[in-house]
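Chains as they are written, first to last, in my numbering: chain S, -19 to 89; chain E, 13 to 72. Glycine included, each C-beta is placed from N, C-alpha and C at the ideal position. What follows is a single structure, written as structure tokens, with notes after it.
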Amino acid sequence: PLEQRWYSAGSDQFWRTVGEGGVIVNSEAADYLFSSNASHPDTKRIHQSLDYLEDRITVFHSCFLTASINAETKNMVALGHFILLPASLQKEIRGKIGHFIWEQKTSPV
Amino acid sequence: IPLPCCRTGRLSLNSRNFSKTLQSCQYLCERHKIILKSEMEYKRKLRRTIIANKNTSAYN
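What follows is the structure in structure tokens.
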């Protein structure tokens, strides 16, 4: 199977959930970066990093993981729907496109 | 067929290649167009701030 390396910003519940699907590593080595909070210092750090500015990193909302687990086929969930944007952008974008997909299940970030 | 930005199947896309993949897409849905535009504007602003700070600190 394809090796997946995961990183979840901050210590939230998804660390454990993710354990089955791949190896949890530090943020530098991870293929997938998840966070449930754009205001968390770890997430902020990523959103201000050179990698982010130069389009080498995207943070996804941890809800992707729960959605994938709940979906009948794991590959039915589109990763692209779970982009976690910098906190300062979220309000502006929400005004244009409505709520983010993860906001239906959790309280606003 | 869904547009590339909304396609499922997580193994081909990840945090490392997502942004560049999105930018190279010829066709994006409205949602992703808006997201991409705002994100690029954010990055432009931040880059400018970093450059400005560097110049300021050089004189201090």
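- Chain-ordered, the chain E residues with CB closer than 7 Å to the CB of residue 76/S read 46.
- Taking a cut-off of 8 Å on C-beta distances, the segment 58 to 65 of chain S touches the segment 25 to 44 of chain S, as three or more cross pairs fall below it.
- Within the DSSP secondary-structure output, residue 57/S pairs in no beta bridge.
- C-alpha of residue 49/S to C-alpha of residue 56/S: approximately 10 Å in a straight line.
- Taking C-beta atoms as the reference points, residue 11/S and residue 27/E count as a pair closer than 9 Å.
- Between residue 69/S and the set 66/E, 52/E and 41/E, the nearest pair of CA atoms involves 52/E.
- 35, 43 and 44: these are the residues of the segment 33 to 44 of chain E whose beta carbon lies less than 7 Å from some beta carbon of chain S, given in chain order.
- For residue 66/S, the C-beta contacts it makes with chain E under 7 Å involve 54, in order along the chain.
- Closer than 9 Å to the CB of residue 67/E there is not a single CB belonging to chain S.
- By the neighbour-count definition (other C-beta atoms within 10 Å, threshold 16), residue 32/S is a buried residue.
- Residues of the same chain with a CB within less than 7 Å of the CB of residue 72/S, apart from the 5 flanking positions on each side, do not exist.
- The beta carbons of residue 45/S and residue 80/S sit about 15 Å from each other, so the pair does not count as a contact at 8 Å.
- The contact set of residue 72/S on chain E, defined by CB atoms closer than 7 Å, consists of 50 in chain order.
- Counting along the chain, residue 41/S sits inside the beta strand (DSSP E) bounded by residues 39 to 41.
- Of all residues in the segment 7 to 31 of chain S, those with a C-beta nearer than 8 Å to a C-beta of chain E are 10, 11, 12, 13 and 28, reading in chain order.
- At a cut-off of 9 Å between beta-carbon atoms, residue 46/S makes no contact with chain E.
- Per DSSP, the unbroken alpha helix (DSSP H) holding residue 31/E starts and ends at 30 to 36.
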